[in-house]
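Everything below concerns the one structure shown next.
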Amino acid sequence: MSKKTLNKIVKLFLGTTLIWIVLLWLNNRNPSSDAVSNSVKEVFALFDSTAVRNLKITSPGGGTTELTYLDNTWEVNGYSLETVSLTKLWDAINENDVGNIVATNAENHRRMGLSLDSTWSLEITEDDDRQSTILVGNSGPIFPSVFARIEGQDEVVVISGELRSAVAQSLTEWRDKTIITTDTATVQSILLEYGNETHSLERSDTIWTIGQEAVDQAAIIGITSELANMEAVGFLDENEIPSDLNRRRITAMDDSGNILNQLVLSGEGTTRHVQSLKDDVIFEIPSWKFSRIVPDIFMLIQDSPLDAERN
16 MSKKTLNKIV
26 KLFLGTTLIW
36 IVLLWLNNRN
46 PSSDAVSNSV
56 KEVFALFDST
66 AVRNLKITSP
76 GGGTTELTYL
86 DNTWEVNGYS
96 LETVSLTKLW
106 DAINENDVGN
116 IVATNAENHR
126 RMGLSLDSTW
136 SLEITEDDDR
146 QSTILVGNSG
156 PIFPSVFARI
166 EGQDEVVVIS
176 GELRSAVAQS
186 LTEWRDKTII
196 TTDTATVQSI
206 LLEYGNETHS
216 LERSDTIWTI
226 GQEAVDQAAI
236 IGITSELANM
246 EAVGFLDENE
256 IPSDLNRRRI
266 TAMDDSGNIL
276 NQLVLSGEGT
286 TRHVQSLKDD
296 VIFEIPSWKF
306 SRIVPDIFML
316 IQDSPLDAER
326 N
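Following the numbering used here, the numbering of the sequence shown begins with 16 at its first residue and continues without gaps.
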């Protein structure tokens, strides 16, 4: 091989290498659509709910809901968390399907609900302090789906699944709405206080009595069912005062007279207020649930056979 030919080969090799280096540099500066799509997928592909320590959700109006994992327990804005709502979010993240890029121009963000002043934001912080922020926009072209993008990136993808509904839950939906739970097998007596009136329900085996009369079976089933597990539909704001109308108190006790649970209920209309003496939270319940756990006294008296024949 002549020296001239060798020089040509060397120059060709160096030129090819230089072009390859320049193309690689440009590719790193301007990620392709596939690379961007993978960055969205990567957030979900690498997601591990057991490593998450904080979730911060910001609504289009600027309101924030913050879920924090502390002492092996999840809290939301300082309140007890409803595990069903958290499971809904985990499922929405784990079961999603990230599709192709559908927009690359920032001018499309507003109509897709992804401009910074119109989007939902989900910030995920893991135990290694790694953070990812996903912007969740309007519903996508198929149901269920949503437009989404990574914060700081213009590229928009469609994510199939229930991510939007899971992220856009209200604080009421996130909060634990359990008022009380009671092991009703241990309940031996129930004290009802309605204003100046006090009525005691006593159990002997499976029979409940009030005074010398048997308690209506449907009524006692309603009371004990609510004592077993009573759920609220909402919460009274901390700066609001519960109603003092129609105030009633129920106390469940065991065979030694120890208080198992105690509730104070009040209000009129379709929504009533409830407070457990074990908690400062004022819960809201529907009127039918109020009537079930603290029914009017005449509802407690079981009709005698003679009364039933007359009716």
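Here a beta-carbon is modelled for each residue, glycine too, at the ideal position from N, C-alpha and C. Quantities reported herein were computed from a predicted structural model and do not represent experimental measurements.
Asked: Tell me which residues share the same chain as D259 and place their Cβ nearer than 7 Å to its Cβ, disregarding the 5 neighbours each side in the sequence.; Found: S281
Asked: Threshold first: 4 residues or longer. Then list the alpha helix (DSSP H) segments lying entirely within the stretch 85-149, N to C.; Found: 98-109
Asked: Starting from E177, trace the beta strand (DSSP E) both ways and give me its first and last residue.; Found: Per DSSP, E177 belongs to no beta strand (DSSP E) and is neither H nor E.
Asked: If I'm right that S160 touches S175 with Cβ under 8 Å, what's the distance once you round it to whole angstroms?; Found: 5 Å
Asked: Could you check if N120 is buried or exposed, using at least 16 other CB atoms within 10 Å of its CB as the buried criterion?; Found: exposed
Asked: Does the stretch 220-234 come within contact of the stretch 131-141, defined as at least 3 CB pairs closer than 8 Å?; Found: no
Asked: For the ligand ATP, any of its heavy atoms closer than 8 Å to the Cβ of G93?; Found: Summarising the ligand content, the structure contains no ligands, and the ligand ATP is consequently not present.
Asked: Kindly list the residues whose CB is nearer than 7 Å to the CB of L315, restricted to its own chain and excluding five residues on each side of it in sequence; keep chain order.; Found: I225, V230, D231 and A234
Asked: Where A163 and I72 are concerned, what is the direct C-alpha to C-alpha distance, given to the nearest angstrom?; Found: 14 Å
Asked: Which residues in the same chain have their Cβ closer than 8 Å to the Cβ of S130, if we skip the five residues on either side of it in sequence?; Found: H124
Asked: Between which two residues does the alpha helix (DSSP H) harbouring K71 extend?; Found: Run containing K71: none in the alpha helix (DSSP H); it sits in the beta strand (DSSP E), V67 to T73.
Asked: Closer than 8 Å is the cut-off here; do at least three beta carbon pairs connect the stretch 195-202 with the stretch 78-92?; Found: no
Asked: May I have the straight-line CA-CA distance separating I300 from G249, to the nearest angstrom?; Found: 7 Å
Asked: Using the three-state DSSP reduction, which class does S247 fall into: helix, strand or coil?; Found: Before going further, note that residue 247 is Ala rather than Ser in the sequence given. Residue state, collapsed to three classes: coil.
Asked: Figure out for me which residue from P75, I222, V289 and L186 has the closest Cα to the Cα of R262.; Found: V289
Asked: Can you check DSSP and say which residues form a bridge with S154?; Found: V161
Asked: Out of I238, N244, S271 and E217, which has the shortest C-alpha to C-alpha gap to S306?; Found: I238
Asked: Using DSSP with H/G/I as helix, E/B as strand and the rest coil, what is L292?; Found: coil
Asked: In the DSSP assignment, find the alpha helix (DSSP H) that holds I308 and state where it starts and stops.; Found: S302 to I308
Asked: With DSSP as the reference, please indicate the residues paired to R190 in a beta bridge.; Found: L96
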